[in-house]
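What follows is one structure encoded as structure tokens, with my remarks underneath.
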Amino acid sequence: MLIAQALPVAAQSQNSLKQPAAQGSMKKLVYPQAKKINHVDEYHGMKIADPYRWLEDPDAAESRAWIEAQNSITFGYLNEIPERAQIKERITKLWNYEKYGMPWKEGGRYFYSKNDGLQNQNVIYTLTSLDGEPRVLIDPNKLTADGTVALAGMAVSEDGKMMAYGLSASGSDWQEWKVKNIETGQDLADTIKYVKFSGAQWTHDNKGFFYSRYDAPSEAKKLQDANYFQKLYYHRIGEPQAEDTLIYERKDEKEWGFYGGVSEDGRYLIVSVWKGSNPQVRIYYKDLENKDAEVVKLIDNFEQAYNFIGNDGQTFLFQTDLDAPRSRVIAIDTTKPAKENWREIIPQSAETLEGVSFVNNMLIASYLKDARSQIKIFGLDGKHVRDVELPGIGSVGGFGGERKDKETFYSFTGFTTPPTIYRYDLTTGKSTVFRQPKVAFTPGDFETKQIFYVSKDGTRVPMFITHKKGMKLDGNNPTLLYGYGGFNSSMTPYFSISNLVWMEMGGVFAMPNLRGGNEYGEDWHKAGMKEKKQNVFDDFIAAGEWLIANKYTSNKKLAISGGSNGGLLVGAVLNQRPEL
21 MLIAQALPVA AQSQNSLKQP AAQGSMKKLV YPQAKKINHV DEYHGMKIAD
71 PYRWLEDPDA AESRAWIEAQ NSITFGYLNE IPERAQIKER ITKLWNYEKY
121 GMPWKEGGRY FYSKNDGLQN QNVIYTLTSL DGEPRVLIDP NKLTADGTVA
171 LAGMAVSEDG KMMAYGLSAS GSDWQEWKVK NIETGQDLAD TIKYVKFSGA
221 QWTHDNKGFF YSRYDAPSEA KKLQDANYFQ KLYYHRIGEP QAEDTLIYER
271 KDEKEWGFYG GVSEDGRYLI VSVWKGSNPQ VRIYYKDLEN KDAEVVKLID
321 NFEQAYNFIG NDGQTFLFQT DLDAPRSRVI AIDTTKPAKE NWREIIPQSA
371 ETLEGVSFVN NMLIASYLKD ARSQIKIFGL DGKHVRDVEL PGIGSVGGFG
421 GERKDKETFY SFTGFTTPPT IYRYDLTTGK STVFRQPKVA FTPGDFETKQ
471 IFYVSKDGTR VPMFITHKKG MKLDGNNPTL LYGYGGFNSS MTPYFSISNL
521 VWMEMGGVFA MPNLRGGNEY GEDWHKAGMK EKKQNVFDDF IAAGEWLIAN
571 KYTSNKKLAI SGGSNGGLLV GAVLNQRPEL
């Protein structure tokens with residue numbers, strides 16, 4: 021088993037890439053020594069050794085020297101791969117295609133993002149009609165000469181005249197928000213600092229917006245200070261940040277965070293109270309028509325997930341996993357908020373409900389059936405209206421909008437389908453292509469299948485497998501096994517240029533839907549967390565065993581990959597089953 025060193029060992033294919041050099045021709049890697057120190061922490065009476073604590077200071081001379089030594093080993097190895105330049109050339113050529121983001125509408129204007137091909141960041145455009153001439157609103161690539169400042173978020177005012185947007189420097193979570201006049205393209209004087217884990221939500225009078233921030237950190241510990249005591253504020257356009265109104269804080273709950281959203285009718289501020297990365301939230305609200313109104317606690321516990329969909333007057337609609345691990349839709353009348361008065365609108369089904377939007381007085385529900393998207397439309401009474409016919413097996417995102425809209429947009433993608441934007445007519449139920457990227461490859465040369473295998477404890481787990489058509493199952497195919505398995509994140513079909521090049525060279529790409537994700541709802545998520553985390557590792561190991569047993573590959577040709585939580589996964593299974 022290899023760790024994501026897959027591209028160099030792929031077999032030759034018809035795309036003129038050379039046969040890779042044998043692994044044995046590579047120099048043996050000699051890693052730099054990492055010193056150990058005698059550092060011990062005590063937690064709840066238990067002593068925990070932390071011999072590498074010194075590496076937690078990224079700016080220390082010793083830390084920087086260690087990082088540079090590691091990079092020297094890494095790039096020294098990569099630079100010796102004979103085919104690397106050819107692979108890079110092919111990836112660059114394929115990656116150079118126009119990429120479009122989902123359009124949305126506000127104040128009679130359309131907004132969308134676009135990348136010409138190889139731009140580091142997407143450019144934001146605006147236009148007054150779908151067939152009109154687009155105008156650049158924000159080009160993040162021109163914000164700084166070195167390109168280290170990124171667009172982190174944006175929110176357009178109800179009248180479409182102003183846009184609040186956030187900027188992040190050098191990948192930091194800290195954001196600085198500014199306000200732009202959309203008509204002139206000029207920035208106003210407003211500057212909002214110390215924003216983190218927050219967007220912006222305009223009030224419908226277009227006079228300002230809600231946002232969440234932390235107290236100003238000390239400059240010396242800006243990248244180290246804990247995220248404690250977030251506060252929800254309201255900023256009035258034209259006033260300094262120091263005069264912003266504090267809407268809500270909890271001095272007794274340092275780990276709580278607050279997201280403020282404004283209902284479509286502009287009457288309510290919906291406050292989702294979160295803690296850590298868990299989907300369970302508390303729901304509070306404030307009546308914006310009454311300036312003296314207090315924040316009301318509608319749901320005051322962290323027992324379930326509640327996603328605010330919209331409101332019909334004083335009735336709030338939520339997607340929740342309350343008594344429904346695969347999720348459902350409920351209605352809460354705020355004049356009768358007791359739980360016994362809550363009504364079910366869309367019951368739990370056999371498929372997992374991923375999200376719901378409130379458009380054209382209908383509820384557009386996005387489901388997962390074995391990690392494949394399905395879209396169903398319901399009336400406000402919960403009656404099924406119709407299904408949305410999709411182009412094939414893949415992943416769908418979008419379907420945003422407002423109650424008055426007659427149209428919405430969605431994106432469809434798959435392992436060999438670049439993200440394509442569709443316009444959906446809510447009156448006729450018809451989809452038409454709005455933007456379709458042109459990538460220089462032939463999708464028909466590849467095939468995707470979904471299989472189901474059995475994990476160590478007997479659990480049935482799905483896995484997608486994609487490769488070139490006509491591939492022989494002789495156990496000799498270089499195979500990249502990719503996994504995540506955590507944080508309620510569903511792994512659904514997606515388009516990747518690097519994966520495409522890998523498959524062009526004769527490689528197999530395999531992606532199992534490990535426990536810990538949301539493919540089968542909250543039960544599936546909980547089955548892969550905390551004391552059950554080993555289930556995730558077992559699922560991944562079983563996927564590799566299945567690929568070998570079914571002659572897709574061998575232990576010498578199997579590579580594994582994962583990022584973030586997937587990096588933990590790779591490290592764990594590499595240690596548990598190094599021979600696989």
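Residue 476 in this note's numbering sits at position 456 of the sequence shown, with consecutive numbering throughout. Where is the CB? At the ideal position from N, CA and C, for every residue including glycine.
Residue 334: buried (16+ other C-beta within 10 angstroms of its C-beta) or exposed? Your numbering for residue 334 matches position 314 in the sequence shown. Flag for residue 334 reads exposed.
Option in 234, 194 and 497 with minimal Cα separation from residue 487: Along the sequence shown, read from residue 1 onward, the residue named residue 487 stands at position 467. For residue 487, the nearest C-alpha among the options comes from 497.
From residue 48 to residue 436, what does the alpha carbon distance come to, in whole angstroms? Translated into positions along the sequence shown, residue 48 becomes position 28. Translated into positions along the sequence shown, residue 436 becomes position 416. Their backbone Cα atoms lie some 36 Å apart in a straight line.
Can you grab the Cα-Cα spacing for the pair residue 453 / residue 421, in whole Å? Here residue 453 refers to the residue found at position 433 when the sequence shown is read from its first residue. Here residue 421 refers to the residue found at position 401 when the sequence shown is read from its first residue. Whole-angstrom Cα-Cα distance: 18 Å.
Segments assigned beta strand (DSSP E), at least 3 residues, entirely inside the segment 202-237: 207-215 and 228-233
Tell me whether the beta-carbon of residue 532 lies closer than 8 Å to the beta-carbon of residue 559. Working through the sequence shown from its first residue, we reach residue 532 at position 512. Working through the sequence shown from its first residue, we reach residue 559 at position 539. Yes; because the gap between Cβ atoms is below 8 Å, this pair is in contact.
Boundaries of the beta strand (DSSP E) in which residue 487 is found, first to last residue: Here the question's residue 487 lines up with position 467 in the sequence shown. Note, residue 487: beta strand (DSSP E), 480-488.
Extent of the continuous beta strand (DSSP E) to which residue 56 belongs: Stepping through the sequence shown from its first residue, residue 56 is reached at position 36. Neither: residue 56 is in no beta strand (DSSP E) and is coded neither H nor E.
Taking DSSP as the reference, what is the three-state secondary structure of residue 194? Here residue 194 refers to the residue found at position 174 when the sequence shown is read from its first residue. Of the three classes helix, strand and coil, the one that applies to residue 194 here is coil, per DSSP.
Taking the beta carbon of residue 221 as the centre, do at least 16 other beta carbons fall within 10 Å, making it buried, or is it exposed? Residue numbering aside, residue 221 sits at position 201 when the sequence shown is read from its first letter. It is buried - the Cβ of residue 221 has at least 16 other Cβ atoms within 10 Å.
Output the residue ranges of the beta strand (DSSP E) runs that lie fully inside the segment 363-422 and measure 3 residues or longer, sorted by chain position. 363-366, 372-379, 382-389, 392-399, 404-408 and 415-418
Nearest-angstrom Cα separation, counted from residue 541 out to residue 586: The residue you call residue 586 lines up with position 566 of the sequence shown. The residue you call residue 541 lines up with position 521 of the sequence shown. About 19 Å.
Apart from the five residues just before and just after residue 89, which ones in its own chain have a Cβ nearer than 7 Å to its Cβ? Reading the sequence shown from its first residue, position 69 is the one you call residue 89. Excluding sequence neighbours, residue 89 sits near 52.
Taking just the CA atoms, how far does residue 394 sit from residue 417? On the sequence shown, position 397 is the one that residue 417 refers to. On the sequence shown, position 374 is the one that residue 394 refers to. One C-alpha to the other measures close to 11 Å.
What first and last residue would you give for the alpha helix (DSSP H) that runs through residue 556? Reading the sequence shown from its first residue, position 536 is the one you call residue 556. That run of the alpha helix (DSSP H) goes 554-569.
Which two residues bound the contiguous beta strand (DSSP E) that contains residue 92? Start at 1 with the first residue of the sequence shown, and residue 92 comes out as number 72. Where residue 92 is concerned, there is no enclosing beta strand (DSSP E), although the alpha helix (DSSP H) it sits in stretches over 81-98.
By DSSP's criteria, residue 188 is part of a beta bridge. Which residues make up the other side? Translated into positions along the sequence shown, residue 188 becomes position 168. In DSSP, residue 188 forms a bridge with 170.
Taking the straight line between their C-alpha atoms, what separation do you get for residue 42 and residue 109? On the sequence shown, residue 42 is found 22 positions in, with the first residue counted as 1. On the sequence shown, residue 109 is found 89 positions in, with the first residue counted as 1. At residue 42, the pLDDT of 46 sits below 50, so the modelled position is not reliable and the matter cannot be decided from this model.
For residue 593, which residues from the same chain have a beta carbon less than 6 Å from its beta carbon, with the 5 sequence-adjacent residues on both sides left out? Residue mapping note: residue 593 aligns to position 573 of the sequence shown, counting from 1. The residues are 557, 560 and 561.
Mark residue 319 as exposed unless 16 or more other C-beta atoms lie within 10 angstroms of its C-beta, in which case mark it buried. Counting from 1 along the sequence shown, the entry for residue 319 is found at position 299. It counts as buried.
DSSP state of residue 200, grouped into three classes? To locate residue 200, count along the sequence shown from 1; it is residue 180. Three-state result, residue 200: strand.
Which same chain residues end up closer than 6 Å to residue 218 when comparing Cβ atoms and leaving out the 5 residues on each side of it in sequence? Locating residue 218 in the sequence shown gives position 198, counting from the first residue. Once the five neighbours on either side are set aside, the close Cβ partners of residue 218 are 231 and 232.
Just to confirm the assignment, what range does the alpha helix (DSSP H) spanning residue 549 have? Residue 549 sits at position 529 when you count from the first residue of the sequence shown. Residue 549 -> no alpha helix (DSSP H), and no H or E assigned at all.
If you drop the 5 nearest sequence neighbours on each side, which residues of the same chain put their C-beta closer than 8 Å to that of residue 271? Numbered from its first residue, the sequence shown carries residue 271 at position 251. Within the same chain, residue 271 has close Cβ partners 249.
Do you know whose CA, among 415, 68 and 137, lies nearest residue 11's CA? With the chain covering only 21 through 600, there is no way to say anything about residue 11.
Cβ shell of residue 575 (< 7 Å), same chain only, five flanking positions each side left out: Within the sequence shown, the letter at position 555 stands for residue 575. Around residue 575: 21, 568, 599 and 600.
Can you look up residue 543 in the DSSP assignment and give me helix, strand or coil? For the purposes of this step, residue 543 is taken as residue 523 along the sequence shown, with counting starting at 1. Note: residue 543 maps to helix in three-state DSSP.
Is it the case that the Cβ atoms of residue 328 and residue 386 are separated by a distance below 8 Å? The residue labelled residue 328 in the question sits at position 308 within the sequence shown. The residue labelled residue 386 in the question sits at position 366 within the sequence shown. Going by C-beta atoms, residue 328 is not nearer than 8 Å to residue 386.
Which same chain residues, not among the five before or five after residue 179, have their C-beta less than 7 Å away from its C-beta? The residue labelled residue 179 in the question sits at position 159 within the sequence shown. Here the set comprises 127 and 226.
C-beta contact flag for residue 147 and residue 520 at 8 Å: Taking the sequence shown and counting its residues from 1, the one referred to as residue 147 is at position 127. Taking the sequence shown and counting its residues from 1, the one referred to as residue 520 is at position 500. Taking 8 Å as the Cβ cut-off, residue 147 and residue 520 do not qualify as a contacting pair.
Compare the C-alpha of residue 501 against each of 485, 507, 508 and 513 and name the closest. As a working mapping, residue 501 is identified with position 481 in the sequence shown. Looking at the Cα atoms, 485 is the closest of the given residues.
I think residue 439 touches residue 431, with their Cβ atoms under 8 Å apart; what is that distance to the nearest whole Å? For this step, residue 439 is matched to residue 419 along the sequence shown. For this step, residue 431 is matched to residue 411 along the sequence shown. Going by Cβ atoms, the distance from residue 439 to residue 431 rounds to 5 Å, so yes, they are a contact pair.
Is there a C-beta anywhere in chain B that falls below 8 Å from the one on residue 431? Among the chains in the structure shown there is no chain B, since it carries only a single protein chain.
Contacting residues, own chain, Cβ-Cβ under 7 Å from residue 325 (five flanking each side not counted): For the purposes of this step, residue 325 is taken as the residue at position 305 of the sequence shown. If we look at residue 325 and ignore the five residues flanking it on each side, its Cβ neighbours are 299, 300, 301, 340 and 341.
Can you tell me which of the three DSSP states residue 331 falls into? Position 311 of the sequence shown, counting from 1, holds the residue named residue 331. In the structure shown, residue 331 sits in a strand (DSSP, three-state: E or B).
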